[in-house]
Every structure is written in structure tokens, then in C-alpha cells.
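One structure below.
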Amino acid sequence: MTDITMRPDAEASVGGVATGSVRDYFELLKPRVMSLVVFSGFAGMIVAPGHLHPVLALTAILCIAVAAGASGAINMWYERDIDAVMHRTSNRPLPEGRVDPDEALSFGVVLTIGSIALMGLAVNWVAAGLLALASFVYVFVYTIWLKRRTPQNIVIGGASGAFPPMIGWAAVTGDVSVASVLLFLLIFMWTPPHFWALALFRNGDYTRAGVPMLPVVAGERETKKQMLIYTLLLLPIAVSPYFVGIAGLPYLAGSTVLGVLFVVFAVQVCRDKTDRSAKQMFGFSILYLFLLLSLLIGEQLYGPLIRFG
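The sequence shown finishes on residue 309 if you use UniProt numbering, and the numbering steps up by one all the way, no holes.
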């Protein structure tokens, strides 16, 4: 592992001199990541059978968003040393000393507990339990236990990001079903090729920080091979919502086309000796998931107009 030392301004924040702005604390919540988490949670809520009062639905979405952001804040607190030496993360509030680490940790813990409690009291305790499990996996399994120890960190720990559709489903139904598990698996299998594409063109950052991402430990060739395997495994999972009755033919057609395109991008990455294809696949992976979830949501909201299956 690389010896990591924090930047002087980051060290200064440990003494409590940092006074972060509202914008800094909002940045701790990782709003870009939070937006995708919220969207996937909303998708799970929309496709779930049953009805949830609009106020409770908004409450559930708020709890998912806050808990995801809170986990991100705790992640930033724990990883402030490696964030300081990575170009992609060096301008975050903690490495730059704009927020005191103790305050960032307290901020994350309070929001986590509050969002889980509100979900349980206002919606139901099954959804709250899944929300707590997602937070636990992200903070303790991924961030603290796995990320600095194994190249499989994103495979196992990435499960935390796959929980939101199950949480949204449980918010409506109060249970976990085969359909919600399939939505979980969809994001679970999408996560490794998505993050490994990023790791390929940010390999220098992870090497410098001593984080054993797959390209650092196993090399680019093995990483590209694993990315292709995961995109192939993702194909049947992505179309499965149609076969369990929560999606129609438009979704089946769209998910098939998107899945094939994802595989094509993975093949291009395998053939490309530069970072260009990895960057393209990373960008497409975000669009891929967004479009899949949009198809699910669109069929439920505008079913009579677009559904012919």
C-alpha cells in the first residue's frame, strides 16, 4: 500500500478550525450519486403493486435520499486521507479543510439515524430495515472493511447501491418479493462494469492512493475481461422484469437493445489499448441505467398510451 499523508490544509481541519458552508455540507452528501439512488428508489416504488399516499411516498423518497447522502458523508470522513491524494477527489470539503472531520462524521451519523427512524415511523419498518442494511453495507462493509483490502470491494460492497429499488418497493408493499430482488440484482450486476470503467481511466489515482481496485491489482487485461463477463451476465437480468410481470414489451425491447449496446461497449474496451473506450463505457453505463429505470417508470405512469404487451 502507498503511504498516504493528508494535505496540510486537511490536517488543519482536524483541529476544528474549519467552518464549512451550506454548500460544503451539501457536497458531503455526494449529490450526483444521491440523484441516481433516489431515481432507482422511485422506480421501485412506482412498479410496486399497491398504493402509497403521496405524502408518505415523498417521505420515503426523502429518507432514501438523506440516508444515501449521509452514508456518503461518512465515507468522505473515513476516506479523507486517500481523497487528498487523488486528483478526482482532492477538491472535496474534507481534503481542502473546509469542513471539520468530526463535524462531518456527526453530520452523517445523525442524518443516517434520523432517516431510518423516520422511514420506520412514517412508512413501515421493512423499508426502514432495508434502508439501515444499505447504510451498513456502504459504510462498514464497503468503506471500512473492503475498499482498502480487496479488488472485489466494488462487487461485494457495491450491493449497498442496489438496495434503493427494494426499499422503494417495500415502502409501498411492506415486503420483499422476487420482482424487487430482480431489481436489486439488476443494479448489483451493473455496478462492477460501471466502476471498473472508471477505475481503468483513473488507474493512476487509485495506484497513488494505494486502493486495490481491480486494474491496480489484476491489471487492465483482467479488468476488461471481468467487465465483459458482467455485462453478459447482466443481459438476462435486465430483461427479467418483463417475465415477472412488472414490465411490458416496450421495456423488453428497450432493455434488450440497451443490454446489447452495453456488451458492445465492453467489447470495445477489451480491444482498445487507450482510455477512450473506458471513458465512453463509463458515460454510457450511467445512461444505460437511467434509461432502463425510465422505461419501467414510463410504462407504469403512461401504460395505456405506450404498453402493447
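Cβ coordinates follow ideal geometry from the N, Cα and C atoms, glycine included. All figures in this text were calculated on a predicted structure; none of them were measured in a lab.
Here DSSP, grouped into helix, strand and coil, assigns L29 to coil. In the pairwise beta carbon analysis, the segment 94-109 is classified as touching the segment 26-36: at least three pairs are separated by under 8 Å. About 6 Å separates the beta carbons of L52 and A171, which is inside the 8 Å limit, making them a contact pair. Counting along the chain, K224 sits inside the alpha helix (DSSP H) bounded by residues 220-243. Excluding five sequence positions before and after A132, the CB atoms of its chain that fall closer than 6 Å to its own CB belong to I116, given in chain order. Around P193, the same chain offers M227, Y230, T231 as residues with beta carbons nearer than 6 Å, after the five sequence neighbours per side are excluded. About 5 Å separates the beta carbon of I167 from that of L130, a gap short enough to meet the 8 Å contact definition. Note that the C-beta distance between L301 and S255 is not below 8 Å.
Assignment of F163 by DSSP, reduced to helix, strand and coil, places it in the coil class. Around the beta carbon of V264, fewer than 16 other beta carbons lie within 10 angstroms, which makes this residue exposed.
When rounded, the separation of the alpha-carbon atoms in Y251 and A238 is 10 Å. When secondary structure is reduced to three states using DSSP, K147 falls in the coil class, being assigned neither helix nor strand.
Distance check between R208 and each of A48, G72, E220, D81 places D81 closest, using alpha-carbon atoms only.
DSSP places V211 in the coil class of the three-state scheme, outside both helix and strand.
DSSP places T256 in the helix class (H, G or I) of the three-state scheme. Here the alpha carbons of V211 and P151 stand approximately 8 Å from one another. Boundaries for E79: no alpha helix (DSSP H) harbours it, and the DSSP string shows neither H nor E there.
When DSSP assignments are scanned along the segment 88-159, the uninterrupted stretches of alpha helix (DSSP H) that are 4 or more residues long and fall wholly within it turn out to be 101-118, 125-136, 153-157. DSSP places I286 in the uninterrupted alpha helix (DSSP H) bounded by 276-301. Put simply, the segment 151-165 touches the segment 180-188. At least three CB pairs are less than 8 Å apart. Assigned with DSSP and collapsed to three states, A247 falls in coil, not helix or strand. DSSP, read as helix, strand or coil, puts V85 in coil.
Note on G41: 16 or more other CB atoms within 10 angstroms of its CB, so buried under the neighbour-count rule. Boundaries of the alpha helix (DSSP H) around A199: 178-201. Cβ contact annotation for V244 (same chain, cutoff 7 Å, sequence separation greater than five): V178, A179, L182, in chain order. Comparing C-alpha distances from L118 to each of F136, R92, V66 shows the shortest one belongs to V66. Taking the Cα of I246 as reference, the smallest distance to any Cα among S21, V33, G44 is reached at G44.
The residue among D102, G259, D83, P49 with its C-alpha nearest the C-alpha of L234 is G259. Taking Y25 as reference, the option from T112, D100, L36, Y288 with the minimal CA-CA separation is D100. Straight through space, the alpha carbons of G72 and V141 are spaced by roughly 14 Å.
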